[in-house]
Structure formats: structure tokens, C-alpha cells
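Novice: So that you can map any letter, position 65 of the sequence shown is 70 in the working numbering, and since no number is skipped, the others follow by simple counting.
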Amino acid sequence: MDINGVKIDKLINQMALNLQKEKITVPSWINMAKTGISRQKIPSDTNWWYFRMASILRQISINQIGVSRLRTKYGSRQNRGYAPEKFKKAGGNNIRKAMQELEKLELVERSQKGRKLTLKGKNYIEKAINEVKKS
């Protein structure tokens, strides 16, 4: 699996399109929730949930990772007006729910150090890589 052989944005877009075709239960609060305390508004893209799931799947394919490290990875600086900016972690609920949905699809499984890819997950990413290389 050569994940470095394709552009990341194209791979995530392709995986998000593939995830939209799967039977995924999207939480009802997803259209009203910010992705973290440092964000001022909700995401403008209505399909951001699938892109976040694809991004999480890519992160898990690189290395086993848990919710806490993903919260740090997706965090950003919080604008505090006149006070200096501070780094804030992303919200954990949407990351946790996305990982649970990926588990239901049997693309990832729990391990000692967070979540890791299953064989089905590796094949899923391989398929997306091949689709990106064809286009």
C-alpha cells in the first residue's frame, strides 16, 4: 500500500466519495456542531463528516492512533481577542463517533494503542488509491 504515491487531498476526496456510498449513520447533531472550541462557526461543507472520516482513516493507515492524539492533530489556535492565541484541541465526540462508524464498517479495529486498520480497511484504501491513479 503506497499511500505516499498519490496526492493526499485527492485520496481523501476519493475516500469521502466512497464513504458516502456506504451505509453510515450520520449523527443528527452533525449539522449544528463545531469541530472544536477554537472554531467560531460550523463547517461550511455539508459533507464534512465524510471528509473527516476519510482523513481519520488515512491517519490510522499511517500509524495506530487514538482519539486523544487525533484531537491534538485536528486542533487549532483559539482567537481570544486581545489576549495571545492559545492552542486548543479539537472536539473529541465527532472523532470518536467517526471511529465507531469506521469500526461498524469493519475498516478499523481497537488495539492497545488506539485503533488500527483491518485487512478490509487496507483493501478499501488500496481501492481508493487505484481510483485516484486512474483519474
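We put the CB at the ideal spot given by N, CA and C, even for glycine.
Flag this pair as yes or no: are the beta carbons of Glu106 and Gln19 separated by less than 7 Å?
Specialist: As a first step, residue 106 is located in the sequence shown; it is residue number 101 there, counting from the start. As a first step, residue 19 is located in the sequence shown; it is residue number 14 there, counting from the start. Against a cut-off of 7 Å, the Cβ pair of Gln19 and Glu106 comes out as no contact.
Novice: Just to confirm, is the Cβ distance from Val11 to Ile134 under 7 Å?
Specialist: Along the sequence shown, one-based indexing puts residue 11 at 6. Along the sequence shown, one-based indexing puts residue 134 at 129. Yes; because the gap between Cβ atoms is below 7 Å, this pair is in contact.
Novice: What does the alpha-carbon distance come out to for the pair Gly97 and Lys139?
Specialist: Locating residue 97 in the sequence shown gives position 92, counting from the first residue. Locating residue 139 in the sequence shown gives position 134, counting from the first residue. About 35 Å.
Novice: Is the Cβ-Cβ distance between Ser73 and Leu122 less than 7 Å?
Specialist: Here residue 73 is taken as the residue at index 68 of the sequence shown, counted from 1. Here residue 122 is taken as the residue at index 117 of the sequence shown, counted from 1. Not in contact: Ser73 and Leu122 (Cβ atoms no closer than 7 Å).
Novice: For Arg82, name the three-state secondary structure that DSSP assigns.
Specialist: Indexing the sequence shown from 1 puts residue 82 at position 77. Arg82: strand per DSSP, three-state reduction.
Novice: Buried or exposed: which applies to Arg120, given that a residue is buried once 16 or more other Cβ atoms fall within 10 Å of its Cβ?
Specialist: As a working note, residue 120 is residue 115 in the sequence shown. So Arg120 ends up on the buried side.
Novice: With a Cβ-Cβ cutoff of 7 Å, do Ile42 and Ala103 count as a contact?
Specialist: As a position in the sequence shown, residue 42 is number 37, starting the count at 1. As a position in the sequence shown, residue 103 is number 98, starting the count at 1. Their beta carbons are not under 7 Å apart, which means Ile42 does not touch Ala103 by this criterion.
Novice: Which of helix, strand or coil does DSSP assign to Ser116?
Specialist: On the sequence shown, position 111 is the one that residue 116 refers to. If DSSP states are grouped into helix, strand and coil, Ser116 belongs with the strands.
Novice: Would you kindly report the start and end of the unbroken alpha helix (DSSP H) that includes Glu108?
Specialist: The residue given as residue 108 occupies position 103 in the sequence shown. Glu108 -> alpha helix (DSSP H) spans Gly97 to Lys109.
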